[in-house]
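Its first residue numbered 3, the sequence shown is counted upward by one per residue in the numbering used here. Contents: one structure, followed by commentary.
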Amino acid sequence: MTEAKEKALKILDKNEVGVLATVSGNKPVARYMDFKSDDFVLYTVTDKRTEKVEDIEANNHAFVLIGYEEGVFDKNYLEIEATVSMTQDPDLIDRAWNDYMDDTYKGKDDPNILVLKLTPQKVTLKLKKDDESIPVTF
Numbered sequence: 003m004t005e006a007k008e009k010a011l012k013i014l015d016k017n018e019v020g021v022l023a024t025v026s027g028n029k030p031v032a033r034y035m036d037f038k039s040d041d042f043v044l045y046t047v048t049d050k051r052t053e054k055v056e057d058i059e060a061n062n063h064a065f066v067l068i069g070y071e072e073g074v075f076d077k078n079y080l081e082i083e084a085t086v087s088m089t090q091d092p093d094l095i096d097r098a099w100n101d102y103m104d105d106t107y108k109g110k111d112d113p114n115i116l117v118l119k120l121t122p123q124k125v126t127l128k129l130k131k132d133d134e135s136i137p138v139t140f
C-alpha cells in the first residue's frame, strides 16, 4: 500500500463527518453528511424526499471534502470526486446507520430512508503543511 493511500484511509477511519456537494440547477449545493467508508467507497443515509436526492437523480456526480477539524488548519484532508447511486438495501442501511437517526426516522425500515453510495472516481490527499496535493491510487 502506498503511503498516500495509507494516509487517506486513516483520514476516512478517523473522520465520519464531511461535506457533500451536488449540483442543483447548475449551481453547487453543499451540506454536512455523516459517512461510513469501505476502502474509498462512502455510504451515507438520507431521506428520499430531500432536495439532494433530486439533485443526484438529475446529476449523479458529487464532491466530498472529509478530514477537516474545527480550529485545526494544518491537518490533512481528502477531496473525493464520486458518482452516486441510491439504494434501500437493508444491509447498507444498517452499515450506514447512526444513533442520532433514531430521532429522525421511525426505524431502519422507514420507507423514506435511502443510502447514498459514493463510488470514487478521483481521490486527492491534501497535505496542509506543505500545501501539496497527492493523487491517491485506489
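Backbone N, C-alpha and C fix where the C-beta goes; we use that ideal spot for every residue, glycine too.
Item, Value
"In chain order, what residues of the same chain lie with their CB nearer than 6 angstroms to the CB of residue 124, ignoring the 5 residues before and after it?", "83"
"Along the chain, where does the alpha helix (DSSP H) containing residue 106 start, and where does it finish?", "103-106"
"From residue 49 to residue 23, what does the alpha carbon distance come to, in whole angstroms?", "16 angstroms"
"Just the C-alpha distance for residue 108 and residue 102, rounded to the nearest angstrom, thanks.", "12 angstroms"
"Determine, using beta carbons only, whether residue 140 and residue 10 come nearer to each other than 9 angstroms.", "yes"
"Please name the residue in 68, 79 and 98 whose C-alpha comes closest to that of residue 88.", "98"
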